[in-house]
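Trainee: Once you've had a glance at the structure underneath, I'll fire off some questions.
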Amino acid sequence: MATENLAISVEVPFGGINPDEGSSEIGFGDIHVDFELLAYEYQFRFPYVIPHMSIGLDTADDDVGIGAGDNSLLLGVTVGSTMYDNTWDFNLDLSYEVFGDIENVFAIGGSTLWEINELFAVLAEVQLTDEEPPELAEEHPIRFGGGMVYAPSERLTWSLIGAGAKNAREDVIVTLRISYDL
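Numbering (the numbering used here), first residue to last: 66 to 247.
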């Protein structure tokens, strides 16, 4: 966290691919530097607007196939609200990712987060993009997932998220995210 209203984060993903044909591979994905600005928040009914930007660096091992294969700039905005005595968050996210050599991607997504207590929350999310579907697929990709978030302290957060995809390169995505707020 850079300030109270500006968050800066760096993502260094590590993952693998297990294709139906060929050998499995593991390695690092594309590094992303993310910026989020809490531009608006209403104190009583809790709506908020968060413009965000992500700079994607083509650092993934191309043999593994877990990166985009190009540098990118993602611009987006999340609009959401916290409801029911601060236990539910509902979000709508719009983004546009610009690539250097491959086709740009527009995405729309929605999510909800249920804060069960101060330490634990569960979430569900869905995303639809206009990226080109893989061969034999006729519709644009859609991803849907769910997971849990555990915050044992004010600075440390663990998240485990599983997602499935239809008409996309990937079938299943599992993300373990460990965040420490400096």
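All C-beta atoms, glycine included, are put in the ideal place defined by N, C-alpha and C.
1. What span of residues does the beta strand (DSSP E) with I226 cover, start to end?
2. Using a 10 Å radius around the Cβ and a threshold of 16 neighbouring Cβ atoms, would you call L139 buried or exposed?
3. Following the continuous beta strand (DSSP E) through N156, name the residue where it begins and the one where it ends.
4. Please list the terminal residues of the continuous beta strand (DSSP E) segment that includes A172.
5. By DSSP's criteria, A248 is part of a beta bridge. Which residues make up the other side?
6. Among all the DSSP beta bridges, which residues are the ones paired with G87?
7. Is G80 helix, strand or coil by DSSP?
8. How should D95 be labelled, buried or exposed, when 16 other C-beta atoms within 10 angstroms of its C-beta is the threshold for buried?
9. Going by other Cβ atoms of all chains shown within 10 Å of its Cβ, with 16 needed for buried, is S244 buried or exposed?
10. Within the chosen definition, does the segment 193-201 reach the segment 216-230 through at least 3 CB pairs nearer than 8 Å?
11. CB V214 to CB L247, shorter than 8 Å?
12. Looking only at its chain, what residues have a beta carbon closer than 6 Å to the beta carbon of V98, apart from the 5 residues adjacent to it on each side?
13. Would you say the beta carbon of V144 is closer than 7 Å to some non-hydrogen atom of the ligand GTP?
Mentor: In short, the structure shows the following:
1. Numbered from its first residue, the sequence shown carries residue 226 at position 161. That run of the beta strand (DSSP E) goes 221-231.
2. Taking the first residue of the sequence shown as 1, we reach residue 139 at position 74. It counts as buried.
3. Within the sequence shown, residue 156 is the residue found at index 91, counting from 1. From DSSP, the beta strand (DSSP E) with N156 extends over 153-164.
4. Residue 172 sits at position 107 when you count from the first residue of the sequence shown. Note, A172: beta strand (DSSP E), 170-180.
5. Missing from the structure shown is residue 248; the chain here goes from 66 to 247 and no further.
6. On the sequence shown, position 22 is the one that residue 87 refers to. Paired residue(s): none; G87 is not in a bridge.
7. As a first step, residue 80 must be located in the sequence shown, where it is residue number 15. G80 falls in the strand class under three-state DSSP.
8. Working through the sequence shown from its first residue, we reach residue 95 at position 30. That one is buried.
9. Here the question's residue 244 lines up with position 179 in the sequence shown. Classification for S244: exposed.
10. no
11. One-based indexing of the sequence shown puts residue 214 at position 149. One-based indexing of the sequence shown puts residue 247 at position 182. No, the Cβ-Cβ distance between V214 and L247 is not below 8 Å.
12. The count along the sequence shown starts at 1 and reaches residue 98 at position 33. Counting only Cβ-Cβ distances below 6 Å, and skipping sequence neighbours, we find V75, I120.
13. Within the structure as shown, the ligand GTP is missing, as the structure has no ligands at all.
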